[in-house]
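Note that this note's numbering has the sequence shown beginning at 17, numbered continuously upward. Just so it is clear, CB atoms sit at the ideal spot from N, CA and C, and this is done for glycine as well.
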Amino acid sequence: MAGQMAVNLGASLWGPLKELWETVDGAILRRQTESVHLLDLQLKKHKPHFLSLFRNPPKSADQKEKVRKASTEGIAIQGQQGSRLLPEQLLTEAFILSDLFDIGEMAALELLLTGEQQQPQFPGLTRGLVAVLLYWDGKLCVANSLRTLIQSRHGKTFTLDLSGELVALTTRFTDELMNQGLTKRILTLVSDISVAKEFERLQKERGLGNEKHRKEVGDLIRECRQALADSLFAWTCQSPLTKDDTLALIGHLETVTAQADGSLDSVNLALVMALLYCLDVSFIEQGTEDREDLLQALPLLTERQYVSAVHSRLMDSQSWKLPGLQAVCKLAWALTLRVLSQLPQGSGRSCLPWN
17 MAGQMAVNLG ASLWGPLKEL WETVDGAILR RQTESVHLLD LQLKKHKPHF LSLFRNPPKS
77 ADQKEKVRKA STEGIAIQGQ QGSRLLPEQL LTEAFILSDL FDIGEMAALE LLLTGEQQQP
137 QFPGLTRGLV AVLLYWDGKL CVANSLRTLI QSRHGKTFTL DLSGELVALT TRFTDELMNQ
197 GLTKRILTLV SDISVAKEFE RLQKERGLGN EKHRKEVGDL IRECRQALAD SLFAWTCQSP
257 LTKDDTLALI GHLETVTAQA DGSLDSVNLA LVMALLYCLD VSFIEQGTED REDLLQALPL
317 LTERQYVSAV HSRLMDSQSW KLPGLQAVCK LAWALTLRVL SQLPQGSGRS CLPWN
C-alpha cells in the first residue's frame, strides 16, 4: 500500500508530462535520432493521458485518508526511505487544490510539494500559486505533444521529412487516438475551457497572484486551447475525418460567436480551416502520383452516407450563430460538389445527393 500511495516529488501531473514533451520535441522537431526509441517508450507510457486527454486522476476515499493522516503518521515519498511528516497547512492547501481542479488528493499534494521545490524559479509566489502554473503547464505539455505528433503524420498536404520509422510510429499511434474519439474530446475541451471561467474559479480560492502570475496562467490556458484546435486542423490537413467527426465539427461551428471586433478568435479560425480541409478535394484535379490512394481513403467519395449527411447538415440546418460563417461553409461545400460532379461515373459521383 505504501508503494502504491507514495508521493511523487516530480508531480505526476507535471514532471512526467514535461519529460514527454521534451522527448516528442527532441524526436520530431529537433530530429534527434536517438530519441525515436525513447519516443516509442514515452508514447506507450503516456497513452492513457492522450486517450483521456486532460481528464484528471479521480479523488478517492483512500487518498483523502492517506493525505489527512500525513501530519500525524507521515506519508511515503518515492525514492526516500520511511515516511515524512507534513505540516497541517500543506494538507489543507492540498484539499483546496484537489477541489479546485477536481483532481485526486495525492496529485494535489504532489503539485504543492513540487511547487515548493520550484519556488526559487518564481520569486514572490507561494507554493500554491506555483502549483497552479505547474498544473496548466502539464496540460500544455500534453497538448503540444499531441499537436506535434499529428503534424508528423503521413498525409496528403505536407511532410516534415522525418524517417519512415518515425512517421510510421506517430501515424499508427495517432490513428489509435482518433479511433477512440479524439475529435469529439478536442471539441468538448475547446468549448469547456476558457480563461474567464478558469479565472473565476481560481479567484474564489485565491489561486491567482500578481499581474505577472495572472498573465502566465492566462497564457497557458490560451495556449492549451490553441494547441488542441491546431491538432484537429493538422489532422484534417493530412487525413480525412469520419462522417460522425465531420458532423461533430460542423455542430461546434454552428455555435461559434465572434469577438468584440467581429472577428473569429484564432482557436475557432483553426477549426473553420479544419472543416474546409475536410471538404477539400482539390487534389483530385492535381493528378499527383498518390491520387488514387487518396481517393480510396476519402470518406467523401467512399461513403454514400457521408455526403448525404453533411449535405443535410450544411444545407438544411437552422441559422448558425454566425450567418457569415455558415455561408462560407456552404460555399465550400458547393465547390466540393462541383468538383465531384466532374468525376467519371463510378469514381465518386454515386455519392452525390442528386444521384
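| Asked | Found |
| --- | --- |
| By a C-beta neighbour count over all protein chains shown, 10 Å radius and 16 as the cutoff for buried, is Gln-97 buried or exposed? | exposed |
| Between the Cα of Ala-264 and the Cα atoms of Leu-55, Asn-226, Val-206 and Leu-57, which residue gives the shortest distance? | Val-206 |
| Need the endpoints of the alpha helix (DSSP H) that Thr-199 sits in, please. | 198-208 |
| Using DSSP bridges, identify the partner residues of Asp-119. | It should be noted that the sequence gives Ile, not Asp, for residue 119. None, per the DSSP bridge assignment. |
| From the DSSP output, in three-state form, read off Ser-357 for me. | helix |
| Tell me whether Arg-71 sits in a helix, a strand or coil according to DSSP, three-state version. | coil |
| Run through DSSP, which three-state label would Met-17 get? | Here the model assigns Met-17 a pLDDT of 35, short of 50, so the residue's position is not dependable and the matter cannot be decided. |
| List the endpoints of the continuous alpha helix (DSSP H) containing Thr-187. | 180-195 |
| Would Leu-193 and Leu-67 be called neighbours here (beta carbons separated by less than 8 angstroms)? | yes |
| Mapping the DSSP letters down to three states, classify Ala-92 as helix, strand or coil. | strand |
| Under 6 angstroms Cβ to Cβ from Ala-124, same chain only, skipping five residues before and after it: list those, please. | Ala-110, Leu-113 and Ser-114 |
| Who are Val-23's beta bridge partners in DSSP? | Ile-93 |
| Per DSSP, what kind of secondary structure is Arg-238 in: helix, strand or coil? | helix |
| Compute the Euclidean distance between the alpha carbons of Glu-81 and Arg-100, then round it to the nearest angstrom. | 15 angstroms |
| Is Ala-245 near the ligand FAD, going by C-beta to nearest heavy atom under 7 angstroms? | In terms of ligand content, the structure shown is empty, and the ligand FAD therefore cannot be addressed. |
| Using CA coordinates, which residue listed in Leu-257, Leu-36, Gln-137 and Asp-277 is at the minimum distance from Ala-159? | Leu-36 |
| Looking only at its own chain, which residues have a Cβ that is under 8 angstroms from the Cβ of Leu-341, when we skip the five neighbours before and after it? | Leu-269, Val-272, Leu-280 and Val-288 |
| Please report the distance separating the alpha-carbon of His-62 from that of Gln-358. | 46 angstroms |
| Once the 5 residues before and after Ser-87 are set aside, which same chain residues still bring their CB inside 7 angstroms of it? | Leu-101, Leu-102, Pro-103, Glu-104 and Leu-107 |
| Mapping DSSP to helix, strand and coil, what is Ser-279? | coil |
| Roughly how many whole angstroms lie between the Cα atoms of Ala-243 and Glu-89? | 43 angstroms |
| Consult DSSP for Arg-169 and reduce its assignment to one of helix, strand or coil. | coil |
| At the level of alpha carbons, what is the spacing between Leu-316 and Lys-346? | 16 angstroms |
| Identify which residue in Ala-274, Lys-172, Asp-177 and Ser-51 has its Cα closest to the Cα of Ala-250. | Lys-172 |
| Could you have a look at Arg-100 and say whether DSSP puts it in helix, strand or coil? | strand |
| Give me the Cβ distance between Leu-218 and Val-40, rounded to the nearest whole Å; I'm assuming they're in contact under 8 angstroms. | With a Cβ gap of about 28 angstroms, Leu-218 and Val-40 do not count as contacting. |
| Start and end of the alpha helix (DSSP H) containing Ser-28? | Segment: none, Ser-28 is in no alpha helix (DSSP H) and carries neither H nor E. |
| Can you say whether His-229 is buried or exposed, counting buried as having 16 or more other CB atoms within 10 angstroms of its CB? | buried |
| In whole angstroms, what is the alpha-carbon distance linking Leu-182 and Arg-241? | 26 angstroms |
| In the DSSP assignment, find the alpha helix (DSSP H) that holds Pro-256 and state where it starts and stops. | Where Pro-256 is concerned, there is no enclosing alpha helix (DSSP H), given that its DSSP letter is neither H nor E. |
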